[in-house]
Amino acid sequence: MRYRFLLFPGMGLVHLLLFLFTYVRKKDARILPLLLSNIGFAHMLEYVIFNIFRSYRYKPGLLQNKHFDNMLGAMVSQSVVVPAAATFLTAFRIGKLGRAGYTVLLALSERLFIRLGLFRNYWWRTIYTLLLVPIGFWVSDQWYRLLGGSRRPAVVRAAVLLLSAGSFYTNAKFLLAVWLDTGLFRTHVVRNRYRDHFIGNIMYIAGMAPLAILPAIWPSVPLAGAVLLCMHAADQLLYRLRILRGPGWVVYSLLPLHVGAMLLARYVDRLLPKYDTIHTKKGNEG
């Protein structure tokens with residue numbers, strides 16, 4: 376197939392438009408937090424089965440570096456395709472038949488990509504996709520319900536902020552690594568430098584995301600400044616220990632990512648009470 380390299384970006388574009396349609400039509404403040412949470416959940420699962428246990432390999436053929444090309448396929452799948460579909464199905468309360476149909480469509484797409492050489496299974500089997508995707512849809516439904524509660528548990532608030540910040544870091548750090556080929560981590564967990572980077576990157580995000588959400592939970596300019604200073608100090612330490620690799624300016628290239636994660640967490644946090652206010656007013660009016 377001559378233009379098979381267009382299949383991955385095409386699939387990503389379709390699902391991006393699907394999310395935009397959902398966001399515009401539903402006019403529900405929970406939609407963006409739900410999408411970011413679904414992205415976070417998807418990447419947590421992907422980290423285990425893809426990064427650690429090497430279940431399969433993506434080969435979209437869009438980047439010359441085969442390791443980055445592999446990760447690009449994972450990003451399209453776990454940051455766009457599956458989360459956008461889950462958000463759409465949850466928001467519009469699509470029934471079991473529609474969900475089963477999409478799950479089968481996703482499995483057929485997987486088989487097609489294998490046939491075209493865009494995807495390769497190692498120990499993974501398509502039946503696992505058929506079993507896990509519906510579970511992901513169920514998790515999305517339950518999370519959507521929790522986000523809409525007028526008495527939302529504090530742990531849910533913290534979790535959605537962590538998932539949002541983590542999703543931002545995951546995608547932003549990938550773009551930084553691809554465009555600049557710098558900012559890679561070397562933890563010596565595995566020999567391959569790129570696999571080692573992506574494993575180390577998750578550890579890095581697990582440390583930075585909790586810091587990024589602090590100014591959202593306790594809004595304060597001095598606190599935000601102190602958090603940013605701590606993040607930068609941690610980056611400097613990782614660089615001096617040669618865990619973070621690259622030229623000297625690489626630690627400063629991470630500052631916009633930290634600021635972006637903090638701003639996103641603050642924005643998401645402001646969306647959640649907004650829905651609660653609307654929800655409460657409607658209940659009082661009824």
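Taking our numbering, I'd label the letters of the sequence shown as residues 376 to 661.
All C-beta atoms in this analysis are idealised placements derived from N, C-alpha and C, irrespective of residue type, glycine included.
Predicted model, so just to flag it, every value in this text is computed and none were measured.
For residue i, the first and last residue of its enclosing alpha helix (DSSP H)
i: PHE494; result: Premise fails: PHE494 lies in the beta strand (DSSP E), 494 to 496, not in any alpha helix (DSSP H).
i: ARG520; result: 501 to 522
i: ILE414; result: 406 to 421
i: GLY600; result: 596 to 615
i: ASP484; result: Sequence inspection shows Ser at residue 484; the Asp mentioned does not correspond to that position. Here the alpha helix (DSSP H) through SER484 covers 471 to 490.
i: HIS390; result: 382 to 401
i: LEU438; result: That residue, LEU438, is in no alpha helix (DSSP H); it is neither H nor E in DSSP.
i: GLY541; result: 529 to 555
i: SER628; result: 625 to 628
i: VAL457; result: 457 to 466
i: TYR579; result: 568 to 587
Between the CA atoms of residue j and residue i - distance to the nearest angstrom
i: TYR544; j: GLY470; result: 33 Å
i: LEU407; j: LEU437; result: 28 Å
i: GLY662; j: ASP556; result: The shown model of the chain, from 376 to 661, leaves out residue 662, and the question about it has no answer.
i: THR397; j: VAL456; result: 14 Å
i: ARG490; j: GLN517; result: 35 Å
i: ILE577; j: ARG474; result: 30 Å
i: TYR378; j: ALA449; result: 20 Å
i: VAL389; j: LEU395; result: 10 Å
i: ARG495; j: ASN567; result: 19 Å
i: SER452; j: LEU586; result: 27 Å
i: PHE467; j: LYS401; result: 8 Å
i: ARG486; j: GLY476; result: 15 Å
i: GLY658; j: TRP593; result: Here the model assigns GLY658 a pLDDT of 44, short of 50, so the residue's position is not dependable, and the following value carries that caveat. Going from the Cα of GLY658 to the Cα of TRP593 covers about 28 Å.
i: VAL565; j: VAL553; result: 20 Å
i: ARG620; j: CYS605; result: 19 Å
i: VAL399; j: TRP624; result: 40 Å
i: TRP499; j: ASP444; result: 19 Å
i: ALA584; j: LYS434; result: 30 Å
i: LEU382; j: GLY600; result: 43 Å
i: LEU391; j: ALA459; result: 7 Å
i: LEU550; j: PRO528; result: 34 Å
i: LEU393; j: ARG429; result: 30 Å
i: LEU598; j: HIS442; result: 38 Å
i: GLN439; j: VAL530; result: 42 Å
Integer-rounded CB distance, given that residue j should sit under 8 Å from residue i
i: LEU464; j: PHE512; result: 6 Å
i: ILE618; j: PHE560; result: 6 Å
i: LEU536; j: VAL643; result: 6 Å
i: LEU616; j: GLY558; result: That pair is no contact at about 15 Å.
i: TYR497; j: TYR431; result: 6 Å
i: VAL602; j: LEU589; result: 5 Å
i: ALA540; j: LEU639; result: 7 Å
Enclosing beta strand (DSSP E) for residue i [first to last residue]
i: ARG432; result: 431 to 433
Cβ shell of residue i (< 6 Å), same chain only, five flanking positions each side left out
i: ALA482; result: THR501, THR504, LEU505
i: PRO384; result: none
i: SER412; result: TRP518, VAL535, LEU538
i: SER515; result: ASN413, ALA461, THR465
i: VAL626; result: ASP610, GLN611, TYR614
i: ALA547; result: LEU632
Same chain, Cβ closer than 8 Å to residue i, neighbours up to 5 away in sequence not counted
i: SER484; result: MET386
i: LEU646; result: ALA404, ARG405, LEU407, PRO408
i: ASP571; result: PHE560, ARG561, THR562, HIS563, VAL564, VAL565
Residues near residue i in its chain [Cβ-Cβ closer than 7 Å; skip 5 each side]
i: TYR579; result: PHE560
i: GLU421; result: ALA449, GLN453
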